[in-house]
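Protein chains in written order, with the numbering used here: chain Y, 12 to 233; chain A, 12 to 233. Yeah, the Cβ is synthetic: ideal placement off N, Cα and C, and Gly gets one too. Read the structure below first, then the notes.
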DNA sequence: CTAGTATTCAAGTACTCTATTGAATAGTTT
DNA sequence: AAACTATTCAATAGAGTACTTGAATACTAG
């Protein structure tokens, strides 16, 4: 009995592992870490067909990672709890530490990585309090509206150049987006440094900020 | 480029998820959480053939979860870092919270669960300091020898009855084994309660204790 | 009630994973 | 060198997974 029990139990845990065993599902989870999304929206950002997205979402639900809610025609999915964010973080940490390929990828795509030293959440909070930095949220407007770091200005990548015209010279800028590997913030910092602006990125993104229990601001007209 | 990068990155993370997507591999990881083990030993405890075990271990290695070392004829595998234990913990936590089946399983096999309130590590440390409890390690002798909670007595399940003859009545006993779902400790507590002994189990097991940075004792003659 | 929309279901194909088997390799002992 | 042992490799059958396509469902708006 004891053997059967353990076997059964590990098989249950493996169901969660299975859900995490596909890159597309992990991408869906990352988007869901920012808040509720419809199937259509998720299909859009992931580049999958709607039917395929729906099937992946159902697998995630069966593994207990996401939950859904129907409103009118649309079905909205969300992470079933913050434990899922912690799990994703653990996964990322292990992958980063132990998969040489991940490091290689990051170095290939983000060549100036070393020069973009990230700023920690705690340090950012201090510097914002002392009014030393401007925080910009480089995600698309709709993601920003669904929740963002208090006081952050929404500057989607396309609007970055225009935005930079109007800032005071010498002002330090911190950019963040969807998470520690979201390229938007890397890109933004690279652009700003190019122009001689003192820019850094937050070490991780909005989902982690929210998950850490820090205050968030929501635009209620969404 | 940004899309390709993200896709690639998530596929790398998915490699780790894949490694966690099979119950046998999770069982192997749990054993490895206790320390280095040879392929043969791992095949023994998991009930798999040696060839099959070897192949699973290679998958775990490719995912960066385990590392190996050759000594003479034998190859010893170990977890590649403590991050892996944290990852397993996250996985367990999510599975427990969100999979109804896990709860069902635990309740089916461990019917007296509610009566076996676990004791937390911190509380145990206090009570040991005040000499209020005896700690017993119900794992097999070889696992105990490889590392155990300081001051714990090794009482493999088969020797439990004999051991209980010689304890003072009224003494409180805390049992632990391999982790929060290791049935050995549940069984031991059930047996002792049957005999009217004041027994509880530690909320988790040796791997978690060690991982929490608490002191451990090793029998050097192993 | 009809037309339209968001999502899910069902079936099919190509692909991948698991466990088994027997052979190959690398190291030890005699 | 020959016999032996622990592990790995290679090939295979069977089960499971991913993505596509087209139809079905469930809800809304007219």
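Where residue 64/Y is concerned, the enclosing alpha helix (DSSP H) starts and stops at 61–73. Close partners of residue 196/Y in chain A (Cβ separation under 7 Å) are lacking, with about 12 Å as the shortest Cβ gap. For the pair residue 25/A and residue 33/Y, the Cα-to-Cα distance works out to about 5 Å. Secondary structure note for residue 138/Y: its alpha helix (DSSP H) is the uninterrupted segment 132–140. Under the DSSP assignment, residue 186/Y falls in the beta strand (DSSP E) whose first and last residues are 183–187. For residue 157/A, the secondary structure class from DSSP, reduced to helix, strand or coil, is coil. Not a single CB atom of chain Y sits nearer than 8 Å to the CB of residue 63/A. By a beta-carbon distance limit of 8 Å, residue 98/Y contacts residue 102/A. Their separation comes to about 6 Å.
Proximity of residue 28/Y to chain A, defined by a Cβ-Cβ separation below 8 Å, is satisfied.
In this structure, the alpha-carbon of residue 136/Y lies about 35 Å from that of residue 50/Y.
Burial of residue 100/A is indicated by the presence of at least 16 other C-beta atoms within 10 angstroms of its C-beta. Against chain A, the beta carbon of residue 131/Y has no neighbour under 7 Å; the closest one sits roughly 19 Å away. Restricting attention to 160/Y, 187/Y, 159/Y, the CA atom closest to the CA of residue 171/Y is found in 187/Y. In terms of Cβ geometry, residue 110/A and residue 31/Y do not form a close pair [threshold 8 Å].
With respect to residue 78/A, residue 65/A sits apart: the two C-beta atoms are not nearer than 8 Å. Only residues of its own chain outside the window of five on either side were considered, and among them 190, 191 have a CB closer than 7 Å to the CB of residue 215/Y, listed in chain order. Going by beta carbons, residue 203/A and residue 196/A fall outside the 8 Å limit.
As for any beta strand (DSSP E) of minimum length 3 sitting wholly inside the stretch 17–101 of chain Y, the runs are 77–82, 85–90, ordered along the chain. Taking 8 Å as the cut-off between beta carbons, the residues of the stretch 51–80 of chain A near chain Y are 58, 74, 75, 76, in sequence order. Short of 8 Å from the beta carbon of residue 223/Y, and not among the five residues preceding or following it, lie these beta carbons of its own chain, in chain order: 132. Annotated as proximal: residue 44/Y and residue 218/Y, with beta-carbon spacing under 8 Å.
Judged by DSSP secondary structure, residue 144/A falls within the beta strand (DSSP E) whose first and last residues are 144–148.
Per DSSP, residue 173/Y lies in no beta strand (DSSP E) segment; the continuous alpha helix (DSSP H) that holds it begins and ends at 171–176. Residue pairing of residue 228/A in beta bridges, as defined by DSSP: 159/A. For residue 210/Y, the uninterrupted beta strand (DSSP E) run begins and ends at 210–212, by DSSP.
With respect to the C-alpha of residue 37/Y, the residue from 18/A, 53/A, 46/A, 55/A having the closest C-alpha is 18/A.
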